[in-house]
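Chains as they are written, first to last, in numbering that gives the first Met the number 0: chain X, 0 to 212; chain D, 0 to 411.
Positions of the beta carbon are idealized from the N, C-alpha and C atoms, including for glycine.
Quick caveat: nothing in here was measured; it's all calculated off a predicted structure.
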Amino acid sequence: MVLRSDDDGRASESLTGQNTSMGQKQNTSSPAPVPAAIADAELVRACRSGDMTAWRSLYDRYAPLIHRFSAALGIPAEEREDAAQDIFIAVFRSLRHFRGEAQLSTWIYRIAARHAIRLGRRRRTRETMRVMMLKEKPQPEVDPSERSTRLATLDRMLGKLAPKKRTVLVLFEVEGLSAKEISDVVGCPENTVWSRLHHARAEMVKAARRMVP
Amino acid sequence: MKWLESPQDEAEKLLRDSLDLAAQQTGDEISHRRVWAKVADSLLEPERRISGRLVLATASATVAVLAVVGLVVYPYVGSKRPLTAPATTKLAKAPSSEATASPSSLAAAPEPKWIAPEESERAPGNVVSTGKGERARVALGGGATADLAESSAVTWDSQHRPAIEHGSARLSVPHQPPGWRFSVTAGPYVVTVVGTKFTVEVGGRTVGVEVSEGVVEVSRGSHTTRLAAGDAWHGPLYPEESAGSEDQAASVTPPPSERPQPAPARAQVSPAPALAGKPTSLIGRSLPEAEAALRSGDTSRAIDILSRAAQGTGPAAENASYELARVTRYNLGKPRQAVALWDKYRSRFPNGLLRTEADLSIVETLSQLGDVQAALAEANAFISRHPSSERRGDVQRLAERLRAAEASSESR
Chain X
0 MVLRSDDDGR ASESLTGQNT SMGQKQNTSS PAPVPAAIAD AELVRACRSG DMTAWRSLYD
60 RYAPLIHRFS AALGIPAEER EDAAQDIFIA VFRSLRHFRG EAQLSTWIYR IAARHAIRLG
120 RRRRTRETMR VMMLKEKPQP EVDPSERSTR LATLDRMLGK LAPKKRTVLV LFEVEGLSAK
180 EISDVVGCPE NTVWSRLHHA RAEMVKAARR MVP
Chain D
0 MKWLESPQDE AEKLLRDSLD LAAQQTGDEI SHRRVWAKVA DSLLEPERRI SGRLVLATAS
60 ATVAVLAVVG LVVYPYVGSK RPLTAPATTK LAKAPSSEAT ASPSSLAAAP EPKWIAPEES
120 ERAPGNVVST GKGERARVAL GGGATADLAE SSAVTWDSQH RPAIEHGSAR LSVPHQPPGW
180 RFSVTAGPYV VTVVGTKFTV EVGGRTVGVE VSEGVVEVSR GSHTTRLAAG DAWHGPLYPE
240 ESAGSEDQAA SVTPPPSERP QPAPARAQVS PAPALAGKPT SLIGRSLPEA EAALRSGDTS
300 RAIDILSRAA QGTGPAAENA SYELARVTRY NLGKPRQAVA LWDKYRSRFP NGLLRTEADL
360 SIVETLSQLG DVQAALAEAN AFISRHPSSE RRGDVQRLAE RLRAAEASSE SR
């Protein structure tokens with residue numbers, strides 16, 4: 000639940016979550032996982048034939064992944080729904096180009112990672128503009144729960160990493176991908192993945208030590 | 000072994016725990032549903048910007064090539080005319096295989112020829128037809144396609160529904176989003192489906208429907224015949240002229256299998272929205288427009304856009320109906336009116352994707368308004384309607400507080 004003011008300025012509990020803009024809200028809990036009863040390849044075939052049910056199944060299967068990955072890559076909560084929408088539209092529109100050489104999840108990670116990096120770039124430009132225009136940064140809603148505090152702390156630490164290092168660390172430590180899979184997602188040799196991971200881990204430990212005296 | 004599984008200090012422990020916490024994030028169900036509703040809207044729209052340019056480029060190139068070819072060939076061919084068609088007809092060239100085609104394959108379209116009319120072209124009076132020895136696959140919108148056999152024609156009626164004018168068409172309709180039904184007309188009959196494959200034939204004096212997959216409903220006036228996979232149905236093209244009643248004239252041929260043969264079910268036609276009314280893309284564009292209006296502080300314009308979009312059909316109209324209430328509540332500051340609008344949304348989309356959200360919004364708004372009794376009734380209804388909802392706990396706690404508030408006001 001999120002505390003917010005109602006029309007009369009009274010504090011009240013929001014059951015629907017804090018709406019940040021049209022069609023956007025902060026997440027609060029998890030949906031039930033979708034059983035992977037149908038193989039990805041079969042699902043892709045059905046999607047390509049225009050089967051709306053298959054599209055929905057594919058969405059249900061990968062929506063939690065996209066949400067988690069976007070969050071870990073630093074897409075703010077208020078932009079996450081729009082990002083997920085863009086990513087899925089990109090996935091569905093380019094599904095006909097998916098050759099099945101990599102796993103579907105790897106391919107989706109690739110699309111999501113590119114999108115997150117693009118959004119990050121835009122966000123940084125906006126930040127720079129805001130600083131130049133001497134505009135105040137809007138204060139985000141604060142969810143005081145321990146879980147949210149921890150995630151916010153992690154986000155701050157991850158935010159200090161270079162985007163490439165962050166992507167590798169997130170894919171390895173949060174998403175649980177192997178170095179080989181990560182090399183497919185980010186398009187670099189496996190050795191580079193290990194190197195980025197090594198540096199990212201070292202930076203993260205340093206950052207954590209600064210936060211915990 | 001995981002990195003930092005045996006942490007050396009508090010900092011490492013915090014880091015590992017936080018990473019594990021991040022790995023458990025999956026987003027909430029309502030957010031996922033809302034994103035899906037938007038994704039589905041976009042998927043149902045053609046790739047306008049890309050295909051628009053592609054079509055323009057292709058058309059220009061084709062005109063140029065034809066002009067050159069015409070100049071060179073005409074003197075030799077003389078007055079021999081190629082295959083002709085009525086003025087409004089898009090013609091498909093002789094195909095042979097069952098290959099699937101997509102808008103992306105415009106450049107090298109496999110046969111049967113893929114025809115994807117723009118939404119503006121799927122209008123009353125426009126006809127797509129095939130001549131002798133020709134076949135075509137026509138995009139009907141909403142992901143549905145019609146494979147036109149030779150000497151067949153499809154047009155669009157006044158409600159923008161596809162109509163098989165004559166000949167035979169095998170239709171493939173993807174499963175439609177909630178609240179959305181696909182209809183095609185054939186003579187005086189309306190064939191309504193949710194998602195299936197079937198063939199419609201409009202012959203000299205009869206209309207035939209044969210179902211390959213799923214269930215379809217053939218209706219005329221207040222009568223509906225439900226057909227399952229394997230069923231074939233035939234009815235007179237001009238029922239008024241047929242001897243005897245319509246019931247006698249129309250017949251259902253059961254599938255060749257041994258399954259029981261119930262008499263075709265006859266029921267009142269439900270007022271399900273057909274694939275008609277407002278063009279999908281117009282509705283689909285409404286939400287971003289409304290969003291932009293809100294961002295610029297023009298709430299009344301946003302309300303106006305959403306109100307118009309809500310009158311349409313399909314997921315975008317559903318979204319607009321919900322958002323209309325939300326904007327009324329949070330931007331216009333009219334909670335009572337918002338509750339009425341959410342209630343209207345519920346009546347119109349009882350199983351809509353945003354139903355849970357609408358229910359929660361009503362509970363929340365009524366409780367904020369201090370309407371304890373109504374809020375409690377809504378909260379109880381929510382708990383019984385969504386027993387497995389992840390929000391059940393929250394609503395239950397709110398209901399308990401509302402009950403306590405009700406009890407204290409009664410004791411006073």
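Exercise. Okay, do the region 294 to 308 of chain D and the region 335 to 342 of chain D touch, 3+ Cβ pairs below 8 angstroms being the bar?
Worked result: no
Problem set entry | Reduced DSSP category for G186/X - H, G, I as helix; E, B as strand; rest coil | If you number the first sequence from 1, residue 186/X lands on position 187. Note: G186/X maps to coil in three-state DSSP.
Problem set entry | Local Cβ density within 10 Å of K37/D, reported as buried at 16 or more and exposed below that | Looking up residue 37/D in the second sequence gives position 38. With 16 or more other Cβ atoms from the protein chains shown falling within 10 Å of its own Cβ, K37/D counts as buried.
Exercise. Quick one: is E377/D near chain X, going by C-beta distance under 8 angstroms?
Worked result: To locate residue 377/D, count along the second sequence from 1; it is residue 378. Output row for E377/D: interface = no.
Exercise. What span of residues does the alpha helix (DSSP H) with K12/D cover, start to end?
Worked result: Mapped onto the second sequence, residue 12/D falls at position 13. K12/D -> alpha helix (DSSP H) spans 9 to 23.
Exercise. Terminal residues of the continuous alpha helix (DSSP H) containing F348/D?
Worked result: Walking along the second sequence from the start, residue 348/D turns up at place 349. Premise fails: F348/D is in no alpha helix (DSSP H) and is neither H nor E.
Exercise. Could you give the distance in angstroms between the alpha-carbon of S171/D and the alpha-carbon of D59/X?
Worked result: Along the second sequence, read from residue 1 onward, the residue named residue 171/D stands at position 172. Along the first sequence, read from residue 1 onward, the residue named residue 59/X stands at position 60. One Cα belongs to S171/D, the other to D59/X, and the distance between them is close to 24 angstroms.
Problem set entry | Close Cβ partners of R67/X (< 8 angstroms) along its chain, the five nearest in sequence each way excluded | What you label residue 67/X is simply residue 68 of the first sequence in a count that begins at 1. Result list for R67/X: V173, E174, in chain order.
Exercise. Does DSSP put P63/X in a helix, in a strand, or in coil?
Worked result: Looking up residue 63/X in the first sequence gives position 64. Residue state for P63/X is assigned as helix, using DSSP reduced to three classes.
Exercise. Tell me which same chain residues have a C-beta within less than 6 angstroms of the C-beta of A71/X, skipping the five on either side of it?
Worked result: One-based indexing of the first sequence puts residue 71/X at position 72. Exclusion of the five residues before and after A71/X leaves V169, V173 as the residues of its chain whose Cβ lies within less than 6 angstroms of its Cβ.
Exercise. Exposed or buried, which one is P123/D when buried takes at least 16 other CB atoms within 10 Å?
Worked result: Here residue 123/D refers to the residue found at position 124 of the second sequence. P123/D counts as exposed, since fewer than 16 other C-beta atoms from the protein chains shown sit within 10 angstroms of its C-beta.
Problem set entry | Cβ-based contacts, 7 angstroms cut-off: residues of the region 17 to 38 of chain D near chain X | S17, L18, L20, A21, A22, Q24, T25, G26, D27, E28, S30, H31, R33, V34, W35, K37, V38
Problem set entry | Identified DSSP bridge partners for E216/D | On the second sequence, residue 216/D is found 217 positions in, with the first residue counted as 1. Answer is T191/D, R225/D, bridged to E216/D.
Exercise. Q367/D: which of D156/D, R384/D, R328/D sits nearest, CA to CA?
Worked result: To locate residue 367/D, count along the second sequence from 1; it is residue 368. For Q367/D, the nearest C-alpha among the options comes from R328/D.
Exercise. So, are the CB atoms of A82/X and S69/X less than 8 angstroms apart?
Worked result: For the purposes of this step, residue 82/X is identified with residue 83 of the first sequence, where counting begins at 1. For the purposes of this step, residue 69/X is identified with residue 70 of the first sequence, where counting begins at 1. Yes, they are a contact pair.
Problem set entry | Cβ of E12/X within 8 angstroms of any chain D Cβ | Here residue 12/X is taken as the residue at index 13 of the first sequence, counted from 1. Since pLDDT at E12/X reaches only 37, below the 50 mark, its modelled position is unreliable, and no value is offered.
Exercise. Quick one: what's got a C-beta closer than 6 angstroms to V206/D's C-beta in the same chain, skipping five residues either side?
Worked result: The residue labelled residue 206/D in the question sits at position 207 within the second sequence. Once the five neighbours on either side are set aside, the close Cβ partners of V206/D are A185, G186, Y188, G234, L236.
For this session: Please name the residue, chosen from F97/X, M203/X, R55/X, S48/X, that lies closest to T152/X on a Cα-to-Cα basis.
Result: Locating residue 152/X in the first sequence gives position 153, where the first residue counts as 1. Ranking F97/X, M203/X, R55/X, S48/X by Cα distance to T152/X puts M203/X first.
Exercise. Whose Cβ in chain X lies nearer than 7 angstroms to the Cβ of L236/D?
Worked result: Here residue 236/D corresponds to residue number 237 of the second sequence, with the count starting at 1. Within chain X, no residue comes near L236/D; the closest Cβ sits about 30 angstroms away, beyond 7 angstroms.
Exercise. For A161/X and chain D, any beta-carbon pair shorter than 8 angstroms?
Worked result: Numbered from 1 along the first sequence, position 162 holds the residue referred to as residue 161/X. No, because no Cβ of chain D sits closer than 8 angstroms to the Cβ of A161/X.
For this session: Return helix, strand or coil for W232/D, following the three-state DSSP convention.
Result: Within the second sequence, residue 232/D is the residue found at index 233, counting from 1. Correct three-state label for W232/D: strand.
Exercise. Between A308/D and chain X, is there a C-beta pair that is closer than 8 angstroms?
Worked result: In the second sequence, counting from the first residue as 1, residue 308/D sits at position 309. Not one chain X Cβ lies under 8 angstroms of A308/D.
Problem set entry | Top-ranked residue by Cα proximity to E189/X, from S104/X, A40/X, L176/X | Stepping through the first sequence from its first residue, residue 189/X is reached at position 190. Residue L176/X is the option with its Cα nearest to E189/X.
Problem set entry | Contacts around D146/D, its chain only, beta-carbon distance under 6 angstroms, and the 5 residues preceding and following it disregarded | What you label residue 146/D is simply residue 147 of the second sequence in a count that begins at 1. Result list for D146/D: R136, R169, in chain order.
Problem set entry | Simplified DSSP state of D146/D, which is helix, strand or coil | The count along the second sequence starts at 1 and reaches residue 146/D at position 147. Residue state, collapsed to three classes: strand.
Problem set entry | Partner residues on chain D for P63/X, Cβ-Cβ distance less than 7 angstroms | As a working mapping, residue 63/X is identified with position 64 in the first sequence. Below the 7 angstroms Cβ cutoff, chain D contributes T25, G26 as neighbours of P63/X, in chain order.
Exercise. Is the shortest distance between the beta-carbon of E189/X and the beta-carbons of chain D less than 8 angstroms?
Worked result: Stepping through the first sequence from its first residue, residue 189/X is reached at position 190. At a cut-off of 8 angstroms between C-beta atoms, E189/X does not count as an interface residue with respect to chain D.
Problem set entry | Start-to-end residues for the alpha helix (DSSP H) that takes in A83/X | As a working note, residue 83/X is residue 84 in the first sequence. A83/X: member of the alpha helix (DSSP H) spanning 76 to 92, first to last residue.
Exercise. Terminal residues of the continuous beta strand (DSSP E) containing E164/D?
Worked result: The residue labelled residue 164/D in the question sits at position 165 within the second sequence. First-last of the beta strand (DSSP E) with E164/D: 161 to 172.
Exercise. Apart from the five residues on each side of it in sequence, which residues of its chain come closer than 8 angstroms, Cβ to Cβ, to V167/X?
Worked result: Within the first sequence, residue 167/X is the residue found at index 168, counting from 1. These residues qualify, in order along the chain: I181, V185, V192, R195, L196, A199.
For this session: Express the C-alpha separation of G73/X and R122/X in angstroms, rounding to a whole number.
Result: Locating residue 122/X in the first sequence gives position 123, counting from the first residue. Locating residue 73/X in the first sequence gives position 74, counting from the first residue. When rounded, the distance between both Cα atoms is 10 angstroms.
Exercise. Going by alpha carbons, who is nearest to R294/D out of T312/D, N330/D, V371/D, A319/D?
Worked result: Numbered from its first residue, the second sequence carries residue 294/D at position 295. The candidate whose alpha carbon is nearest that of R294/D is N330/D.
For this session: Closer than 7 angstroms by C-beta to T195/D: which residues in its own chain qualify, once you throw out the five before and the five after it? Chain order, please.
Result: The residue given as residue 195/D occupies position 196 in the second sequence. V172, V210, E212, G213, V214, V215, listed in sequence order.
For this session: Return the chain-ordered list of same chain residues with a C-beta closer than 6 angstroms to the C-beta of W341/D, the five sequence neighbours on each side being excluded.
Result: Looking up residue 341/D in the second sequence gives position 342. So the qualifying residues of the chain are A324, A357, S360, I361.
Exercise. Between A143/D and S167/D, which are expected to be in contact by the criterion C-beta below 8 angstroms, what is the C-beta distance as a whole number of angstroms?
Worked result: Position 144 of the second sequence, counted from the first residue, corresponds to residue 143/D. Position 168 of the second sequence, counted from the first residue, corresponds to residue 167/D. That belief does not hold up - the Cβ atoms of A143/D and S167/D are roughly 16 angstroms apart, past 8 angstroms.
Exercise. Mind checking if A339/D is an interface residue toward chain X, Cβ cutoff 8 angstroms exclusive?
Worked result: Position 340 of the second sequence, counted from the first residue, corresponds to residue 339/D. For A339/D, the answer is no, since every Cβ of chain X falls outside 8 angstroms of its Cβ.
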